[in-house]
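Report on the structure given below.
Number of protein chains: 2
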Amino acid sequence: MSLVLRSYWRSSCSWRVRIGLNWKQLPYDIVPVHLVADGGQQHSDTHRALNPSRELPVLLVDGEPLAQSVAILEYLEETHPDPPLLPRSPLDRARVRQMTEVVNSGIQPVQNLRVMQRLGREYDFSRADQVGWSRDWIALGLTALEQLVSNHGGRYSFGDSVSWADLCLVPQLYNARRFDVDLTAFPSLTAVESQLESLPEFVAAHPDQQPDAA
Amino acid sequence: MSLVLRSYWRSSCSWRVRIGLNWKQLPYDIVPVHLVADGGQQHSDTHRALNPSRELPVLLVDGEPLAQSVAILEYLEETHPDPPLLPRSPLDRARVRQMTEVVNSGIQPVQNLRVMQRLGREYDFSRADQVGWSRDWIALGLTALEQLVSNHGGRYSFGDSVSWADLCLVPQLYNARRFDVDLTAFPSLTAVESQLESLPEFVAAHPDQQPDAA
């Protein structure tokens, strides 16, 4: 199976998938897609033909393009179940998926670059207003996630095994720091992060380790 | 198994789950949670204890609260696989999940009530500006979905079997009309919708059929 990931070093959704691929020990090539240069390379004809949503990541599986990070992670779990990134029981899996969606649909879409860009371009939000917008949505979502991890977490976000919730957590906390979110309110989340950040699969997926890191 | 759905008649995420439960022929009780009355009943202590994200829907499975519509649909698929709402092959499943996420994380979170409310409350967006904000995000996301359904659809969004992509499509098109999106640009989507809207599982899940319909 040939795997090519179209990725941007600081894209949190690309980052999730990089960790997932590393966790499954699947080799992949990276094709960098710059979200700002050239007006955003995700808007190119080449990229749109692979993902009409004009977003990252896209995973090419033997040339077949798959988009949406959660859909890609589900695909990897179904085709490469070991080592797992989901627990076994349906109820536990639902809890991990709930945490995943708190970030995937609850936080990231409202604070991402395209939203900030539109607020600036069409509604004259200053850079400070754009950052404030994103900061407050991140804090709101992390407040919910802190409660869930406090209830269900252990060494990691859900119990003592690494799961998708962790793949979403680490990039989201990185974004939180970029937007000056006060993380002292989220002790469970930062405790889990400190367990995760030295794992080799997470180290290799970090933005600073990417070929397009600036 | 006792199933209780905390739902709001016009919540598109609640609506997806209602269709899913109907499709699986699972009986459930509805507890209405009003998203506007009392400052939003999703902010009550009772509801927050069940879902710290303060959102709908929440499905109580023998009293255990599950939140996030996609996590709930995955749980229902794992515990009640027949009749299915996902195709069989991992690649096909990934395509349906991609379409699902185009709506779930790509459109709905950026155009929903809490975003519009914050734009009005904190940034003085007029009602017309709030509607314009949501309208344009819906149109952008539907443009991508139209391409995916044009590529992969048949009688329904993905091939000739009803899937989660359809459960997401119908409520999102309802929202599109509320926000005056021009749907003539989306002939594949409206053609699929016309096939879906007479199915009894979809009819029974429609907002107008809910106990809290206003």
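These protein sequences, in sequence, are chains A and B.
Going by this note's numbering, the first residue of the first sequence is number 17, and it counts up by one from there.
Going by this note's numbering, the first residue of the second sequence is number 17, and it counts up by one from there.
Beta carbons are placed, not taken as given, at the ideal position from N, Cα and C, and that holds for glycine.
Q | chain B contacts from the stretch 104-124 of chain A (Cβ-Cβ distance under 9 Å) | A | P106, L107, R109, A110, R111, V112, R113, Q114, M115, T116, E117, V118, N120, S121, G122, I123, Q124
Q) In terms of residue numbering, what span does the alpha helix (DSSP H) encompassing P187/A cover? A) 180-194
**Q.** Nearest-angstrom beta carbon gap, V33/B and L76/B [assumed within contact, 8 Å]
**A.** The pair is not a contact, with the Cβ atoms about 12 Å apart (cut-off 8 Å).
Q) Within 8 Å (strictly less), CB to CB, does L42/A reach chain B? A) no
Q. Hey, I46/A and P227/A: beta-carbon distance below 8 Å or not?
A. yes
Q. Looking at the C-beta of S69/B, does it have a partner C-beta in chain A at a distance below 8 Å?
A. yes
**Q.** Residue nearest to M17/B in terms of C-alpha spacing, selected from S28/B, Q41/B, D145/B
**A.** Q41/B
Q. So with Cβ pairs under 8 Å, would you call Q163/B a contact of chain A?
A. yes
Q. If you count every other CB in all the chains shown that lies within 10 Å of the CB of R193/B, and 16 or more means buried, which is it?
A. exposed
Q: Give the residues of chain B in contact with T95/A, contact being defined as C-beta atoms less than 8 Å apart.
A: P106
Q: Report the neighbours of A201/A on chain B: residues whose CB is nearer than 8 Å to its CB, in chain order.
A: Correct list: empty, because the minimum Cβ distance to chain B is about 13 Å.
(Q) When you compare the stretch 99-117 of chain B with the stretch 59-72 of chain B, are there three or more beta-carbon pairs, one atom per stretch, that lie closer than 8 Å? (A) no
Q: Ignore the nearest five residues each way along the sequence and tell me which others in E209/B's own chain have a CB closer than 8 Å to its CB.
A: L185, V186, L189
Q | Contacting positions in the stretch 60-84 of chain B - beta carbon closer than 7 Å to chain A | A | P68, S69, E80, L82, A83, Q84
Q | CB contact flag (G36/B, L72/B, <8 Å) | A | no
Q: Spatial neighbours of L102/B within its chain, please: CB distance less than 7 Å, with the 5 preceding and 5 following residues excluded, ordered by chain position.
A: E93, R109, V112, S179, W180
Q: Could you confirm whether any beta carbon from chain A is found closer than 8 Å to the beta carbon of Y91/B?
A: yes
Q. V126/A versus chain B: which residues are under 7 Å apart at the beta carbon?
A. P125, V126, V131
**Q.** Element boundaries [beta strand (DSSP E), containing S23/B]
**A.** 19-23
Q. Applying a beta-carbon distance threshold of less than 9 Å, which residues of chain C neighbour A87/B?
A. Annotation note: the requested chain C is absent from the structure, which comprises protein chains A and B.
Q. Which bits of chain A does A160/B rub up against, with CB to CB less than 7 Å?
A. P68, S69
Q: Tell me, please, which residues DSSP counts as bridged to L156/A.
A: Answer is none; L156/A lacks a bridge partner.
Q. So is G122/B buried or exposed if we call it buried at 16+ other beta carbons inside 10 Å?
A. buried
Q. How far does the beta strand (DSSP E) with A83/B in it reach, from first residue to last?
A. 80-83
Q. The beta strand (DSSP E) with P48/B in it runs from where to where?
A. 45-48
Q. Taking the alpha-carbon positions, what's the G56/B to H50/B distance?
A. 6 Å
Q | Touch test, the stretch 145-164 of chain A against the stretch 113-133 of chain A, Cβ-Cβ under 8 Å, three pairs minimum | A | yes
Q: Would you decide whether R26/A is buried or exposed? Buried here means 16 or more other CB atoms lie within 10 Å of its CB.
A: buried
Q) What are the partner residues of G175/B, as DSSP defines its beta bridges? A) G169/B
Q) In whole angstroms, what is the alpha-carbon distance linking M115/A and D196/A? A) 22 Å
(Q) Whole angstroms are fine: how far does the CA of A230/A sit from the CA of P81/B? (A) 43 Å
Q.
Does E90/B pass the burial test, meaning 16 or more other C-beta atoms within 10 Å, or should it be called exposed?
A. buried
Q) Where DSSP assigns a beta bridge to L102/A, which residues make up the other side? A) Beta-bridge pairing links L102/A to no other residue.
Q. Whose CA, out of Q124/A, Y24/A, D182/A, lies closest to the CA of A53/A?
A. Y24/A
Q. Helix, strand or coil: how does DSSP classify V12/B here?
A. Given a span of 17 to 230 for chain B in the structure shown, any question on residue 12/B remains unanswerable.
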